[in-house]
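Chains as they are written, first to last, in our numbering: chain V, 43 to 448; chain B, 43 to 448.
Note that beta-carbon positions come from the ideal geometry of N, C-alpha and C, so glycine has one too.
See below for the structure under consideration.
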């Protein structure tokens, strides 16, 4: 009698060593004992992927992306074989598959491939024969049989896509934290685990620096309405459900607070106030592959204006180079780079329909004498750029202001 | 203009680290510069395979063979990706393939699969488009898309089989020695590199302990008459050609001398001299997977006889257990285990047609006061079991006796 199908995904830290692999096997077998069908998606062991990247870079500082995928996909292949062996050891049937074997068909954008479709035949056959199915996360295959990888957080995507294709009853993402918190508990010890959060809020939190899940897999989950349960592989506590609409006892204005200290601010001074100049700056940066986060254009005065934007720290070098170049080309003044910033953000679907949330945020910061350098808003979030040293104070102040500890 | 196709195989020690991978890339590119088409077969980096086996054994002492193949095949996949990157770095086009991608179709005998056929289409397409083709050795795929491995020495087999299927002009096996020597140069400094050796002689030497190439790939090379060039990846010296019939200026009686100190001798004493008893002993051992090397039955006396045989050291424990069991069952006397033995052998197609070779061998040993405990002969080899401590002396005595240093 079929009791339901669960797709589980275990991240690298959950399978970082032999003992942890054995623990994952025990957990999987526990579900099996309850009569559930299981598809288990696994990432590479611990730091394997980073080690392989380092090895490749020793050989070629700009390695072919096809060969990079060939190399990196071995990490997950090792994990699935070892997990299958660990499950066998416990006396249960299990079979591992690579992305190629499972038939995760992708486009040929190596290192960041997009899933086109999944042939579930092999998985379904194995499930029907009573086996626990173990699938290598993060990887797929093109129609030409080239191995691809799905980019950062790709294993989450594998799990969500399989859950959708197989019509799974639930999709569990196991990680090294208990779930999604109202903010980082290392910054605010009063942070609380969120029971339910909407796809949109989770997307916003992911893009603002919460590192539990990548935005891409949440987007897919949202698109196909796949409920996700984010929880710890080290205990049995319930984690956080990511769902379409959270059923809350009362309206919550703000669900979580994020802090991102990995951004750098650039200000292009004295930009000629002509139409098309801003477009030219950002088109140029984009053509060189620099991703810009926040953009703020200050009030113009005397036909000139200042444009500020932020980029990730790891893109700062390239951003500086191309920004200076384009600034010269359009006849702007100097380019100021500011590393001493933090972005603090509040996220919540509730703020859509409630005025005064922004004001409350600014008041809380002002009360703590924190100066706001840039402000940016979306439908369900407000972000402020402040001095880096105030980051943690700001998080705690906002956590208190919006009563997240209650 | 096509100048010819070369299949090259590089063993684990040739790609043990970044610098060696770069050296292999330089060598490959050197051939390419001369206008040759290249298919390069690579083993796993250094000790990768042993490390993966150790990891698996920590998790499951008798891992599933299918999952073992899934695990071990990652070793070669890492190698091919890194070698492709190293060749790209030198400005040449290269593409790597797994056994699955190349279409090395095998049966489903995991960990020791046999090649059924090779679909050369992908390799030929890549060659036609001017690329250096890099193929993961040691691995194949079943018709059910399960990954298989070909067993010890499997990468040699991949190279030989590809050379045959592609009609390559030559098949070069790169290793950490200069070629095949008349005997181990660490034992006899006067040992000489053999210029040409026949498949049969090489097969005999491989089975008698010469470790340069496994018997299986030589068998395939012999079957399809693929000439093999065994040479070093650390220099440009010509190595040894393994061919059908060596063209020698004069007849050579003995081509090489091997020494194997990894055998253990068992003697079953007082075996009832009835027909079928010997058969029963060896059928029993065989059914428990113990491979017996030499067998000698001594002259019978008073309806009883002694039977001696040797096995590899790593099978000695199991051999002892089952031999004692079967000895009891057939009413034999005690079983004596002797670890203090060495097998010294002379190999040469010339001895087929020449009497007196055995006598010359025994004389040389006698002259050095080396007692012979067992003798076994084949068409092109003679082996003697002697006390272990005399192994090196015997090799040097025989090397001199048959003038191999000249």
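Residue environment, residue i, which counts as buried when at least 16 other CB atoms sit within 10 Å
i: residue 405(B); result: exposed
i: residue 28(B); result: For chain B, the structure presents residues 43 to 448; residue 28(B) sits outside this window and is missing.
i: residue 423(V); result: buried
i: residue 152(V); result: buried
i: residue 61(V); result: exposed
i: residue 51(V); result: buried
i: residue 444(V); result: buried
i: residue 439(V); result: buried
i: residue 102(V); result: buried
i: residue 81(V); result: buried
i: residue 273(V); result: buried
i: residue 242(V); result: buried
i: residue 173(B); result: buried
i: residue 167(V); result: exposed
i: residue 396(B); result: exposed
i: residue 370(B); result: exposed
Proximity winner among the options, relative to residue i (alpha-carbon distances)
i: residue 229(V); options: 160(V), 277(V), 184(V) and 299(V); result: 299(V)
i: residue 390(B); options: 297(B), 273(B) and 138(B); result: 297(B)
i: residue 165(B); options: 141(B), 110(B), 447(B) and 265(B); result: 141(B)
i: residue 379(B); options: 371(B), 359(B) and 386(B); result: 359(B)
i: residue 353(B); options: 339(B), 439(B), 381(B) and 421(B); result: 381(B)
i: residue 159(B); options: 180(B), 386(B), 204(B) and 169(B); result: 204(B)
i: residue 91(B); options: 101(B), 120(B) and 198(B); result: 120(B)
i: residue 278(B); options: 192(B), 200(B) and 72(B); result: 72(B)
i: residue 138(V); options: 274(B), 261(B) and 107(B); result: 107(B)
i: residue 383(B); options: 231(B), 249(B), 48(B) and 434(B); result: 434(B)
i: residue 336(V); options: 386(V), 346(V), 295(V) and 366(V); result: 386(V)
i: residue 147(V); options: 268(V), 162(V) and 275(V); result: 162(V)
i: residue 87(B); options: 117(B), 68(B) and 448(B); result: 117(B)
i: residue 144(B); options: 196(V), 189(V), 308(V) and 263(V); result: 189(V)
is_contact[residue i, chain B] using C-beta, thresh 9 Å
i: residue 43(V); result: In this prediction, residue 43(V) scores a pLDDT of 43, lower than 50, which makes its location untrustworthy; no coordinate-derived value is stated.
i: residue 131(V); result: yes
i: residue 283(V); result: no
i: residue 102(V); result: yes
i: residue 122(V); result: yes
i: residue 449(V); result: The question about residue 449(V) has no answer, for chain V in this structure spans 43 to 448.
i: residue 138(V); result: yes
i: residue 127(V); result: yes
i: residue 347(V); result: no
i: residue 94(V); result: yes
Three-state class that DSSP yields for residue i in the structure shown
i: residue 365(V); result: helix
i: residue 54(V); result: helix
i: residue 159(B); result: strand
i: residue 193(V); result: coil
i: residue 43(B); result: Caution is warranted here: a pLDDT of 42 is assigned to residue 43(B), below 50, making its placement in the model unreliable, and no coordinate value can be reported.
i: residue 332(B); result: coil
i: residue 325(V); result: helix
i: residue 152(V); result: coil
i: residue 182(V); result: strand
i: residue 242(B); result: helix
i: residue 225(V); result: coil
i: residue 62(V); result: helix
i: residue 255(V); result: coil
i: residue 301(V); result: strand
i: residue 396(V); result: coil
i: residue 177(B); result: strand
Any C-beta of chain V under 9 Å from that of residue i
i: residue 113(B); result: yes
i: residue 91(B); result: no
i: residue 69(B); result: no
i: residue 60(B); result: yes
i: residue 142(B); result: yes
i: residue 200(B); result: no
i: residue 97(B); result: yes
With 8 Å as the limit, tell me which residues of the region 148-179 of chain V have their beta carbon closer than that to any beta carbon of chain B; keep them in chain order. 164
Can you give me, in chain order, the residues of the region 249-260 of chain B that have a beta carbon less than 9 Å from any beta carbon in chain C? This model lacks chain C altogether; the protein chains it does include are V and B.
Contact set between the region 299-320 of chain V and chain B, restricted to residues whose Cβ is under 9 Å from the partner: none
For the region 180-196 of chain V, enumerate the residues whose C-beta is nearer than 8 Å to any C-beta of chain B, in chain order. 187, 188 and 189
Would you list, in chain order, the members of the region 228-246 of chain V that have their beta-carbon closer than 8 Å to a beta-carbon of chain B? none
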